[in-house]
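Protein chains in written order, with my numbering: chain A, 3 to 340; chain B, 3 to 340.
Just so it is clear, CB atoms sit at the ideal spot from N, CA and C, and this is done for glycine as well.
Working notes for the structure below.
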DNA sequence: TTGAAAGCGCTAACAA
DNA sequence: TTGTTAGCGCTTTCAA
């Protein structure tokens, strides 16, 4: 029971209220739910008794009797990194407006059994539906383990079939960003990518497409981790290569690391090398130089995903995909090739 | 019910399993819970039936019958900002290890009634306990509205009486940080603070104490918001004041803003002005100049808070306060007064 | 408008 | 080891 047991042990139940108010249990229930009319006199007595006893109905009992649970679960490979955290915020805010509580579960992709445990933990609760953040391999793995009979929506950066999906069209945005760099006179653009959710991310695909479209050479992809510091060491290596004049990083934090590494190696941005990121991290505009990047509305994305899930829960028809369009933001870190 | 109703409407219940397996309902329950021995033959029949029907027991019914709910709720004034997100991560990771699911609710401090709604939403669920992030006024407001009979732990940067608390001893750390600046030869240290949770934060108190202790003058506090950009405009103003040689910012993001603003105004860090932050944000060491700051182990803090809550839930004795000690990290943004 | 009775899906107590 | 009988705390019939 959610109500705590006072000092005395047993917690207050609806019967206690009924007794104190001198009415039957169903009458108290009627006052609680407003499902049927109750005489003013009794209603008042009941309300007084509820106050006196500090009674709160048992959520478990209510859930059992009929009502849909008012909770949804979110799976995410990370909870504190910018894009993830913002998406979760968007989900939570719109869920709360509809009277749903949000649970979060972080899933580590490496250990199989721990992943199963996490899924079981969630499935063991009464939940109305699930949203999976599929930005990384962990999200993909979770989705595979979820029973089909539970309402599920996924969020990711690549269009896929399967459950309904809230989509950030990253590929198109990346393509525009690379075009911007090419327009600046760079022969090609090198790509430092973050761990991809599948074989290839939308960001990487967009980069590749843009280069192909312009007939530019496609350099091998450089793999970074999630930590900005991994970008730094890559930047240091890149500093030694005079052929590198433009770098597209998988996200802003990696871009910041790369810029720092480039500086360590004596190369200046954007004078010697242009570096662009992705996401429009809150610190991107403050960075020196301010980052050219792609603004992603993660909160809106989360909100859309919840909207789809709610439709599913309520048995209404849902779009199989809803798309949020990112925008290129040009700042100081990209410039003409010299 | 957490189990979805298949195409047919009604969802699978324990009775269906019993019928298919040709045993009684309690026998199914026994294999489910492992509470009592069941003959190998029947156990196997039951397990097969469970698989066949894809049966998952109703969490609501289980919660009702006896078991403590396996979910805790977290209230936070923010969910995506670094310190908050990390704390939540720490809570979630250790909760999951103990088999608890974590729900998060963001509370905005401004609107009273929305705050009540948020609290009601949580209290309407079956939860085992609550953790309140009391880094800001919203957290304080929530704590006031929580019934006494629910297990509650708070997390904050200032020692207080009331519910058990996980404490970041910010005041002591701030004091050390200011001492570091004073040792560098600065006459005094100016303070740009983030919105305080109460009248005064531990960070501000530590700053004040350090100055007092050394007999330094105490300049008026400068108020910033949560956004790094608010630090930037403050930095621009500070650039015009030659008397300002050292600045202590309420967190790293504000410090980054202030440094950028100072640069906009033509003052260099740390040559002209030393600027220090608080938290050791992941980007602090990458910033140019790398930030002198205080490392806070938010995840550990969250983990400790959950530990206290678990003790409360299990009826074990709990420390009224558990303290995490932050460390000063000296990098490049602080230097001798010239 | 109200109360008595039934039942939500499960587990625990009690016999056999 | 198993089945029968009672509940958990609520809401929802169904009569009155």
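Proximal residues of chain A, C-beta to C-beta of residue i below 9 Å
| i | result |
| --- | --- |
| residue 72/B | 123, 126 and 127 |
Other residues of its chain near residue i: CB distance less than 6 Å, five sequence neighbours each side excluded
| i | result |
| --- | --- |
| residue 184/A | 216 |
| residue 176/B | 205, 208 and 209 |
| residue 181/B | 212 |
| residue 322/B | 166 |
| residue 305/A | 92 and 96 |
DSSP beta-bridge partners of residue i
| i | result |
| --- | --- |
| residue 182/A | For residue 182/A, which the question treats as bridged, DSSP gives no partner whatsoever. |
| residue 108/A | 78/A |
| residue 329/A | 297/A |
| residue 55/B | None, per the DSSP bridge assignment. |
| residue 169/B | 158/B and 325/B |
| residue 276/A | 248/A |
| residue 194/B | 224/B and 251/B |
| residue 288/A | For residue 288/A, which the question treats as bridged, DSSP gives no partner whatsoever. |
| residue 103/B | 73/B |
| residue 281/A | 297/A |
Sequence-distant residues of the same chain with beta carbon closer than 7 Å to residue i, five excluded per side
| i | result |
| --- | --- |
| residue 230/B | 255, 256, 258 and 259 |
| residue 194/A | 224, 226, 233, 236, 249, 251, 252, 256 and 260 |
| residue 186/A | 276, 336, 337, 338 and 339 |
| residue 170/A | 159, 298, 303, 326 and 328 |
| residue 262/A | 234 and 237 |
| residue 354/B | Residue coverage of chain B in this structure runs from 3 to 340, which leaves residue 354/B outside it and unanswerable. |
Test: residue i CB closer than 8 Å to a CB of chain A
| i | result |
| --- | --- |
| residue 88/B | yes |
| residue 91/B | yes |
| residue 66/B | yes |
| residue 49/B | no |
| residue 82/B | yes |
| residue 259/B | yes |
| residue 58/B | yes |
| residue 12/B | no |
| residue 272/B | no |
| residue 38/B | no |
| residue 326/B | no |
Partners in chain B for residue i, counting only beta-carbon separations shorter than 8 Å
| i | result |
| --- | --- |
| residue 318/A | The contacting residues do not exist; residue 318/A stays about 16 Å from chain B at best. |
| residue 108/A | 91, 94, 95 and 98 |
Under 7 Å by beta carbon: chain B residues contacting residue i
| i | result |
| --- | --- |
| residue 101/A | 123 |
| residue 238/A | The contacting residues do not exist; residue 238/A stays about 13 Å from chain B at best. |
| residue 234/A | 288 |
Check: residue i C-beta below 7 Å from any heavy atom of the ligand FAD
| i | result |
| --- | --- |
| residue 271/A | You won't find the ligand FAD in this model; it holds no ligand whatsoever. |
is_contact[residue i, chain B] using C-beta, thresh 8 Å
| i | result |
| --- | --- |
| residue 105/A | yes |
| residue 334/A | no |
| residue 195/A | no |
| residue 149/A | yes |
| residue 120/A | yes |
Residues that residue i contacts on chain A, provided the C-beta gap is smaller than 8 Å
| i | result |
| --- | --- |
| residue 113/B | Within 8 Å Cβ-Cβ: nothing; residue 113/B doesn't reach chain A, min ~13 Å. |
| residue 285/B | 230, 255, 258 and 285 |
| residue 262/B | 288 and 290 |
Cβ shell of residue i (< 8 Å), same chain only, five flanking positions each side left out
| i | result |
| --- | --- |
| residue 273/B | 337 and 340 |
| residue 17/A | 27 |
| residue 111/A | 79, 117, 138, 139, 140 and 143 |
| residue 123/A | 107 |
| residue 284/A | 84 |
| residue 55/B | 14, 18, 19 and 22 |
| residue 25/A | 44, 47 and 48 |
Proximal residues of chain B, C-beta to C-beta of residue i below 9 Å
| i | result |
| --- | --- |
| residue 267/A | Here the premise fails: no neighbours, minimum Cβ distance about 14 Å. |
Contacts that residue i makes with chain A (C-beta to C-beta distance below 7 Å)
| i | result |
| --- | --- |
| residue 61/B | 126, 127 and 128 |
For this session: Let me know the alpha helix (DSSP H) ranges lying completely inside the segment 123-155 of chain B, each 4 residues or longer, listed in chain order.
Result: Those alpha helix (DSSP H) runs which fall completely within the segment 123-155 of chain B and span 4+ residues are 139-147.
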